[in-house]
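Below is one structure, written out as structure tokens; comments come after it.
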Amino acid sequence: MADRTTGNTWQRFWGRGGWWRAVLLAVGYLVVFVGVSQLIGVVARPALDLDDLYGDPMSVLLASILPIGVMGLLLLLFAKSLGWLPHLFRRRAEPAPRWMWIAVVITVVPPVMKVFGTDWSRFTPTLVLAILFFGLCVGFAEELLTRGFAVEFLERHGYSERAVFVLSSVVFGLIHLQNLLGGGNPLLVFATVGYAMGFGAMMFLALRVSRWLIVPMLLHALTDPTTLMAAGGINDTSTVVTGGSPALVTLASLFNFVYIVFAIVAVFLLPGARRRTPDRAS
């Protein structure tokens, strides 16, 4: 694997790491994602249910799965161009404190609660599969971007584990500002950004304790589709859940605050000393 002193100019540039490269990649990701989404929206418009983009499998495929799937593929190609595969998917060798497993547990509980609280009469089996696959694509792309690349950039620059934890979570939260471009309620979008930072912190701990990027990817892949099916959409305040168990779904949503509180606690538990820049050569 190429490090900061080997490889071509492209690899050496990104290999230096640093917070601003993480932000640069995130901004580039958002620009390309919005462009791809707009292009697909124009081309596939006749096939979309514009009143409910999660109402039928074809709309989910074209409006949701295809754009995020393209982004996941582009990120993989980017990683390959840097020579960072399969390193991004297999992280640290040193053991993590056992308390970090709490993050895994508290991110599994809400999706399970939402499964039991969802009004499944509103969904066909094909639509459920489409939304689940969409969640898998989101988990893959967004975790590769933030817990993969962003964490790698920060670690390469020698940031402390505490700083990597905080900064990568902030980057994850900020990419959700893209929902403003889709006409989302600003207050709800900013609330989503705050929740996303807390959730992103849990995903970092899941990565750290499991050592595999696939773990936060799968946890993320469980969270988004169960939220969509339980509440009708992350940024949709007009949907009224009439079946299932709304109380159970509401209780599950309170874990958003649990993530934030546990993230704050974790800040004080993680080491804050600046680390030596790791040797990434292989």
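Counting in this note's numbering, the sequence shown tops out at residue 274, every number present.
The C-beta atom is built at its ideal place from N, Cα and C for all residues, glycine as well.
Source: prediction; values computed, not measured.
Per DSSP, the continuous alpha helix (DSSP H) segment holding residue 188 begins and ends at 178 to 202.
In this structure, residue 20 lies away from residue 136, with their beta-carbon atoms at least 8 angstroms apart. With a beta-carbon spacing of about 5 angstroms, residue 11 and residue 159 fall inside the 8 angstroms limit used to define contacts. Here the alpha carbon of residue 122 sits roughly 6 angstroms from the alpha carbon of residue 49. In this structure, 94 is the residue among 94, 116 and 3 with its C-alpha nearest to the C-alpha of residue 200.
Within 10 angstroms of the beta-carbon of residue 39 lie fewer than 16 other beta-carbons, which makes it exposed. Under the Cβ criterion (8 angstroms, minimum of three pairs), the stretch 114 to 129 counts as touching the stretch 205 to 221. The residue among 247, 252 and 253 with its C-alpha nearest the C-alpha of residue 105 is 247.
Around residue 240, the same chain offers 105, 106, 108 and 109 as residues with beta carbons nearer than 8 angstroms, after the five sequence neighbours per side are excluded.
In the structure shown, residue 82 falls within a strand segment according to DSSP collapsed to helix, strand and coil.
DSSP places residue 152 outside both helix and strand once states are collapsed to three, so it counts as coil. Shortest Cα-Cα distance from residue 125 to any of 57, 209, 153 and 192 involves 57. Every alpha helix (DSSP H) of 4 residues or more that sits fully in the stretch 31 to 106 is shown, in chain order, as 49 to 52 and 58 to 74. Sixteen is the threshold: when 16 or more other Cβ atoms of the shown chains lie within 10 Å of the Cβ of residue 167, as they do, the residue is buried.
Only residues of its own chain outside the window of five on either side were considered, and among them 259, 262, 263 and 264 have a CB closer than 8 angstroms to the CB of residue 154, listed in chain order.
Beta-carbon to beta-carbon, residue 6 and residue 81 are separated by about 17 angstroms, too far to satisfy the 8 angstroms threshold.
Between the alpha carbons of residue 150 and residue 180 lies a distance of about 35 angstroms.
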